[in-house]
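Worksheet: one structure, shown below.
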Amino acid sequence: MLDRMHILICGGAECKQSNSVEIRDKFKSEIKRLNLGDDIQTALTGCFGLCALGPHVLIYPGETLYSGVKLEDVTEIVEQHVAKGKPVERLLFKGNFDRSKFRNRSELTFYAKQTRIVLRNCGVINPLDINEYIARHGYEGLGKVLTNMTPEETIDEMKKSGLRGRGGSGFPAGVKWEFTSKSVSDQKYVICNADEGDPGAFMDRAVLEGDPHSVLEAMAICGYAIGADTGYIYIRAEYPVAVERLGIAIKQAEGLGVLGKNLFNSGFNFKIELRLGAGAFVCGEETALIASIEGERGMPRNKPPFPAVKGLFGKPTNVNNVETFANVPVIFLKGADWFKSIGTEKSSGTKVFALGGKIANTGLLEVPMGTTLREVIYEIGGGIPNKRKFKAAQTGGPSGGCITAKSLDTPIDFDNLIALGSMMGSGGLIVLDEDNCMVDVARFYLEFTVEESCGKCTPCREGTKRMLDILNRICEGEGTMNDLDVLERLGKMIKDSSLCGLGQTAPNPVLSTLKHFRKEYEAHVIDKVCPAGVCPNLTNYVVLDNCIGCTKCARNCPVGAIEGKVKEKHFIDLDLCIRCGACKTACPVNAISTKPESWEEV
Amino acid sequence: MTNLVNLTIDGKACQVPSNYTILKAAESIGINIPRLCFLEGIHEQSNCRVCIVKIEGVRGLKTSCSTKVIEGMVVYTDTKEVYEAVSFNLELLAGNHKFECWKCSRENSCEFLDLLRRFNVDNDFSNAKLFDQKEIKVNNSSDAMILDSSKCVLCGRCVSACEKLSGLGILNFSNRGANTYVGPAQFHNLEDAGCIYCGKCIQACPTGAIREKDEIKFLERALRDKSKTIVVQVAPSVRAAIGEEFGYKIGTNAEGQMFAALKELGIHEIIDTNFTADLTILEEGSEFIDRLQNGGVLPMFTSCSPGWVNYLELYYPEYIPNLSSCKSPQQMAGALIKTYYAEKLGKKPEEIYSVSIMPCVAKKAEAKRPEMGRDGYKDVDLVITTRELARIIRHRGIAFQDLEPIKPYGLLAEYTGAGNIFGTTGGVMEAALRTVTEILEGHSTPVDFTEVRGLDNIKEATYMVAGTEVNVAVVHGGAAIKEFITKLKTTDKQYHFVELMGCTGGCINGGGQPIVSAINQEKYDVRALRAKVLYNIDAKAEFRKSHESKAVKTIYEEFLGKPNSHKSHDLLHTHYNERSFYDVK
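Note that the protein sequences, when read in sequence, are chains A and B. Under our numbering, the first sequence has 332 at position 332, and the numbering climbs by one with no breaks. With positions in the second sequence counted from 1, the corresponding number in our numbering is that position plus 602.
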């Protein structure tokens, strides 16, 4: 039974912040007010992906996508589109490439270039209704596994699919399952790592908010494969929407008997509980996560023994992250061969990226492994705004590194990114342009890891802090060439000798920028200049020749450092200037520059 | 059965059991891998990253303390890469360490300093102009111990020791990253956090970050105060360990040299706490017989270990009625020094400065309890640990090894073998049994009660005494205390007499004893070696039962009357209070 019309409103965290719940309610009341009938469905879904432009409303039939919808726009949409079938043109989504004419959603470059497996249900179904998940073949994979396959066959299928862990290291998930299945114990556990912590990464949250059942189903499949009857989802308390929706999903699944006792009459029992984390980044490391669930301070433990042998409460435990699990039901639904056919040889399937930074379409996207950075940035991402020049892309968040323009056409997969000195990480992808200072970017990420280091092992606790001290000095113009040498040596030592993945990858942003943008570091150290005009101590504000003499800058300068006559070019007294940037903001013609003239872009 | 595994370390082939770590395998062939945080059986968490090695075919460097050997493994412990990483890690730690080596409690036993020397470490990161310096947190308000983050290398040994040896878990990491420090939750003061001052953390610490409250200065001042007569008492187990501070092997009896050193320092009178240990047996034994015969609260618990008394007052106050009312030997001695002894010397109590040399940091706090004194003066004015005494001797340039052994030269220095074995687990019980059985039976009974000796955490025995079955137990160490009391709450067994001590092994392994390095803790059973000293003294003693001591007989005749008399209650007995911590309970 299909309804005449479906109105889907994005219920991702960002859009919820922008009143998407109230917008949904208003749609309902407006439809009622105009007596448009009972066969028009409205639903809050998971994230649509285009986060910067929300809240979004998608209307079927016709797949019309509205973006930036405000509460006061609802009446117009209902009166025009819902009642009369006339799209409200001024609210239609306008990507950079779609300005000229109306297209339905699947034709938009942003979506057309994507392959949505993990996000298959996000923005499509109502995550609060298990029936919508089931209608999209939900729990069929679990049914198939429990009724037709042995645990060994299940693991074989996983291994065949080539699915690699999406949490960061890219370890083959099937092999991990096999390790845990081979450990002999009276009790085993499945843990879903939903402690997503990379700054700017939110793919796991999108999945949990938009399609919670896919994770529950996958955990049950995993439980069956490895011989576990209990699963925990470790999720940060800062994801209240996801926590709430997961709670509802677990109740509904138990109600329908797809979680609980004797699933699909197979005799297999599986229950799932939530555990909330306090948001420590290190708790995304599996042994620290396990310690945290046990009620201990979240600090990583030695490996070996691996969790597959001695994990939660000392029992064999399989830990996978949200995105990894979200792939699993589809693998069993469509088969490992199908999954393997997507992506590259050694990295099968897709990858979800959280695209941010200097990019037109900020948001979530999912592409087959092997897609190039150029496609992601310039086609799906809509390119860099304000005609700025691409400088680098930072992948893997605080654990990753930067990729320069010359690698734009490298297919993205686990191994290629590592070869480039970066890593996949959990999938943060930040685009940097010529206005970004690479020393400052490295400092930003290092500041994050210094803050988030648990303090257990020496190199990470003390070493990253010392690297940060040095970067701070370089940005302030106090750096020396010896500092660069110490940075490199410390960075290597920290990578080699830290206890867990956090420390072992923490120096990456510094080492990678040092490798690709050493000249920029040297400019800070030798020339005492910040080429991007970011570091205040190393930046000079200069008025360019296109100054129109409007005096705005002089009037806005808090220290009276700008002089000049009306309609004549102004001058900045650099001895008085405090580098606050007020003049640059005030200038209507972009006539104030912070870029040193003498310095050539690398 | 463990299989043997073949591997190569630094080009040397070796064969070791498969449960060995690389560290242990290397040590077995004489390769000494540097190590800082590893404390076998207590702390094996690889915090410090100093024991890292290169394993062929493995990415990065691995900690040898945690990595098990594998057949065919090829390990390099001293490549350029390893050397660089170890040096760097040590330099990073040094950057946050406050070097005050001349006045550090660990002047001669700092495992960190040894490593800095070995690797010739630079100290560039301590340059405050170039690098942020950490906020220092010092917790020195307790009467016994100091926690000082400026010397802490965050190895975590104390955290594990507190959890595993004391069964308390008072210490843990707080804050994160570069701001991490160790202490009670939210840096509460130790005295508010339920600490019993057993000092297992001090013994675990590789530096001077956790230490006794150094009170050497008070003794130095008293020694220069013409108006004071200094009377020193020395606990049984000090003599079994102090030699270690001067290069003697663990398990050397240095009694005579210890007394000679005290004389060199200028101490006026020396008495032996062993004497009041004998006295304790008379008082405590009589109390026990009274409880046994007149329906008193049983089991009776011994009360000589202040760590244990703290434990009971803080965690099991419901058992306060079970605790013997006897003061500890230290406090009995203190009370007698300021009364009986002062009279003998013709001095007023305030002209006496009473100092005790103790293997214990909890004794420092015990002496400061308000009930431990009268008429406005303290029974014990100053408690100096074995380590502090050794430091004064060293600082004065006294050549301990060359000293001619002497006997103590005070009035109350005579003791029996029974009083002497107080210093080890089972010793108080055995001493008490020697006297109690003889009193109850009315004839001479055996001397040795070997069932209560040894290092099992909880020892139990049953003796037929004058037709009555007497169930005794001996418990040592916080973790074992917890285990025993938990058991006591549920068992039907009627225990009559239980000896409990706050430290595992008893006083010989007290928190104030010489520090034994992590490596030596692995090589030797320090508790057994030191206990042997006390048992040897006992075996050779002329008198081995407390009630046979002539000095004890004399003091009852001249001063106290009889055990549990009004006077001895006034001077030698005390009372206990329920205490709370973290302002809860």
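Glycine residues also receive a C-beta, built at the ideal position from the N, C-alpha and C atoms. In this text, all values refer to a predicted model and were calculated from it rather than measured experimentally.
Residue range 954–960 is occupied by the beta strand (DSSP E) that includes B:Ser-956.
Residues of the stretch 447–477 of chain A whose Cβ lies closer than 9 Å to any Cβ of chain B, in chain order: Thr-449, Val-450, Glu-451, Glu-452, Ser-453, Cys-454, Gly-455, Lys-456, Cys-457, Thr-458, Pro-459, Cys-460, Arg-461, Glu-462, Gly-463, Thr-464, Lys-465, Arg-466, Leu-468, Asp-469, Ile-470, Asn-472 and Arg-473. Contact between A:Tyr-234 and A:Asp-195 holds: CB atoms are separated by about 6 Å, below the 8 Å threshold. Taking the CA atoms as reference points, A:Pro-87 sits about 25 Å from A:Lys-113. As a beta-bridge residue in DSSP terms, A:Asn-320 pairs with A:Cys-192.
Excluding residues up to 5 positions away in sequence, Phe-903, Leu-914 and Ile-1087 lie with their Cβ nearer than 8 Å to the Cβ of B:Tyr-921 in the same chain. With its beta carbon at least 7 Å from every one in chain A, B:Phe-1099 lies outside the interface. Here the alpha carbons of A:Ala-225 and A:Trp-177 stand approximately 7 Å from one another.
When DSSP states are grouped into helix, strand and coil, B:Cys-706 belongs to the coil group.
Our two residues, A:Ser-512 and A:Pro-55, have alpha carbons roughly 37 Å apart in a direct line. In this structure the stretch 1000–1010 of chain B does not touch the stretch 1043–1061 of chain B; the number of beta carbon pairs closer than 8 Å is below three. Spanning the alpha carbons of B:Val-618 and B:Lys-670 requires a straight line of approximately 11 Å. Listed in chain order, the non-local C-beta contacts of B:Val-684 below 8 Å within the same chain comprise Ile-654, Val-655, Lys-656, Leu-663 and Tyr-678, local neighbours out to five positions each way being set aside.
Around the CB of A:Ile-221, 16 or more other CB atoms lie within 10 Å, so the residue is classed as buried. Taking the Cα positions, B:Asn-781 is about 44 Å away from B:Thr-1176. Between A:Asp-496 and chain B, the shortest Cβ-Cβ separation is below 7 Å. Taking 7 Å as the threshold, the shortest C-beta distance from A:Met-493 to chain B falls below it. Remark: C-beta atoms of A:Glu-63 and A:Asn-121 do not approach each other more closely than 7 Å.
Per DSSP, the unbroken alpha helix (DSSP H) holding A:Asp-204 starts and ends at 203–210. For A:Asp-573, no beta strand (DSSP E) segment is defined, and its DSSP state is neither H nor E. B:Val-1128 is a Cβ neighbour of B:Ile-852, given a cutoff of 7 Å. DSSP places A:Asn-556 within a helical segment (H, G or I) once states are collapsed to three.
Cβ contact annotation for A:Ser-498 (same chain, cutoff 7 Å, sequence separation greater than five): Cys-457, Pro-459, Cys-460 and Gln-504, in chain order. Taken atom to atom, the span from the alpha-carbon of B:Asn-722 to that of B:Leu-732 is near 21 Å. For a cut-off of 8 Å, the C-beta gap from A:Glu-563 to A:Gly-549 is around 11 Å, too long to register as a contact.
Counting along the chain, the unbroken beta strand (DSSP E) around A:Tyr-60 starts and ends at 57–60. In the three-state reduction of the DSSP assignment, A:His-524 falls in the helix class. If you look at B:Cys-764, you'll find it isn't in any beta strand (DSSP E); it sits in the alpha helix (DSSP H) that goes 759–766.
Excluding sequence positions up to five before and after B:Lys-940, its CB lies within less than 7 Å of the CB of Pro-951, Ile-954, Ser-956, Tyr-979 and Asp-981, all in the same chain and listed in chain order. In this structure B:Val-1067 is not in contact with B:Glu-1101, their Cβ atoms being roughly 16 Å apart against a cut-off of 8 Å.
Using a 10 angstroms sphere on the CB of B:Gln-859, the tally of other CB atoms reaches 16 or more, which defines it as buried.
Counting along the chain, B:His-997 sits inside the alpha helix (DSSP H) bounded by residues 988–997. Below the 8 Å Cβ cutoff, chain B contributes Phe-690 as neighbours of A:Leu-490, in chain order.
Contact annotation for B:Asp-716 against chain A: no contact, minimum CB-CB distance about 17 Å [criterion: below 9 Å].
One alpha carbon belongs to A:Asp-25, the other to A:Ile-77, and they sit about 14 Å apart.
When Cβ pairs closer than 8 Å are counted between the two stretches, the stretch 1097–1114 of chain B is seen to touch the stretch 1069–1085 of chain B, the count reaching three or more.
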